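Asker: So the sequence shown is numbered by my numbering: it starts at 1 and just counts up by one.
In this text, a Cβ means the ideal position worked out from N, Cα and C, and glycines have one as well.
Nothing here was measured: the structure is a model prediction, and the numbers come from that model.
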Amino acid sequence: MLTTSKSVNYRNFGFIPRKNFKENVARWLFGEANLFKRLQARDIMDSLDLKSSDTVLDLGCANGYLSVEMAKLAKHVTAIDVNPYVKKIQTPTFLQEKLTFIHGSGEQIDLADASFDVVLASEVLTMIENPKSFLAEIHRLLKPGGRVVFVNGVGRPNIKEMYEKNPESIEKYREKYGAAVPRSYDDYIAKLTLSFGTAIHTLLSEEEYEALISQSAFRIDSVVNSPKKIAADILFHEQFERFVKTGSGLSSDWFAPKFFYLSFLSLFSRERSKSGAIITATKVT
Ligand SMILES: C[S@@+](CC[C@H](N)C(=O)[O-])C[C@H]1O[C@@H](n2cnc3c(N)ncnc32)[C@H](O)[C@@H]1O
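#1: Helix, strand or coil for phenylalanine 259? Go by DSSP, reduced to three states.
#2: According to DSSP, is isoleucine 213 helix, strand or coil?
#3: Taking the beta strand (DSSP E) that phenylalanine 134 falls in, what are its first and last residues?
#4: Under the assumption that aspartate 113 contacts leucine 141 (Cβ atoms under 8 angstroms), give the Cβ distance between them as a whole number of angstroms.
#5: Taking three-plus beta-carbon pairs below 8 angstroms as touching, is the stretch 206-220 in contact with the stretch 175-189?
#6: Using only CA atoms, which one of Glu97, Ala217, Arg272 and Trp28 lies nearest to glycine 146?
#7: Mind checking aspartate 46: buried by the 16 CB within 10 Å criterion, or exposed?
#8: Starting from the N-terminal side, write out each stretch of the alpha helix (DSSP H) that is 4 residues or longer and does not extend beyond the stretch 137-192.
#9: Please list the terminal residues of the continuous alpha helix (DSSP H) segment that includes phenylalanine 30.
#10: Rounded to whole angstroms, how far is the Cβ of lysine 51 from the Cβ of proline 144, which I believe are closer than 8 angstroms?
#11: Do serine 266 and alanine 231 have their C-beta atoms within less than 7 angstroms of each other?
#12: Please report the straight-line C-alpha distance between phenylalanine 15 and leucine 39, rounded to a whole angstrom.
#13: Terminal residues of the continuous alpha helix (DSSP H) containing isoleucine 234?
#14: Please state whether the Cβ-Cβ distance between isoleucine 80 and glycine 104 is less than 7 angstroms.
#15: Specify, as a first and last residue, the run of the beta strand (DSSP E) that aspartate 221 falls within.
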């Protein structure tokens with residue numbers, strides 16, 4: 001029987017059994033097949049710093065892979081997503097009392113004020129038209145002194161550098177793929193985020209997130225750049241090549257070998273990538 005492990009496990013992080021047996025075997029072995037998030041997983045969990053007394057809200061939980069790991073540590077996790085898939089997630093038996101999935105929008109949540117000690121908003125702020133109303137809702141739902149962890153992609157520094165400092169590389173792509181190669185870095189990000197289905201077709205910078213969060217009555221406690229630069233650079237170079245070839249930046253091929261290879265390289269590298277920011281903030285008023 002393929003079951004979810006009872007403690008946080010970074011080998012098969014986020015595994016929740018589903019109906020498809022073959023898919024279950026792959027996920028039980030290797031966990032959630034989201035390369036970027038898996039490379040950030042330890043930093044996200046460290047920033048959350050959950051205690052067994054914490055009530056947690058996971059906003060934009062998708063298939064619940066982060067929710068399930070948080071529920072292993074916290075008192076209770078409420079996980080919300082607008083995607084109706086959330087209703088199909090099978091909560092592992094040992095987490096039945098500790099994890100609730102709700103189908104709905106994080107912009108207006110039918111829960112009482114000051115319900116949560118911790119909120120996670122991972123890669124969701126740019127999914128919605130009005131991040132300010134989303135932040136106001138997070139503020140309302142947090143207890144006084146409650147914490148929120150925002151995880152966001154904030155750029156593709158190595159691709160920006162290629163456009164700005166190495167135009168001959170871009171020319172080589174153009175010779176091969178013609179008009180499929182975006183005109184500029186900003187054009188690339190706009191097209192990439194469009195292919196991801198986000199509402200805002202740009203990646204806000206770390207500073208823009210910090211300003212948005214500070215203006216919404218939160219005090220920023222820490223900012224952790226994640227993952228390691230070496231892994232992010234390889235991943236984003238590959239994503240750029242895939243984008244000019246196919247028009248999409250999404251990948252699901254060869255997750256396990258890529259994940260273990262990039263994790264291995266990351267062990268020997270200190271430098272962190274400015275492509276992702278994990279921002280922890282406290283409710284101040
Ligand atoms: C990019 S995914 C991130 C999923 C997960 N949090 C992670 O970090 O991997 C964004 C998720 O936010 C959800 N979402 C978008 N708008 C939302 C809203 N207004 N309220 C709740 N969830 C929303 C989407 O359905 C999607 O599952």
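Answerer: Walking through what the data contain:
#1: helix
#2: helix
#3: Note, phenylalanine 134: premise wrong, no beta strand (DSSP E); alpha helix (DSSP H) at 131-141.
#4: 7 angstroms
#5: no
#6: Ala217
#7: In the assembly as shown, aspartate 46 is an exposed residue. Its beta-carbon has fewer than 16 other beta-carbons within 10 Å.
#8: 157-165 and 167-177
#9: Segment 21-30, the alpha helix (DSSP H) holding phenylalanine 30.
#10: At roughly 17 angstroms, the Cβ-Cβ gap does not stay under 8 angstroms, so lysine 51 and proline 144 are not in contact.
#11: yes
#12: 15 angstroms
#13: 229-246
#14: yes
#15: 218-225
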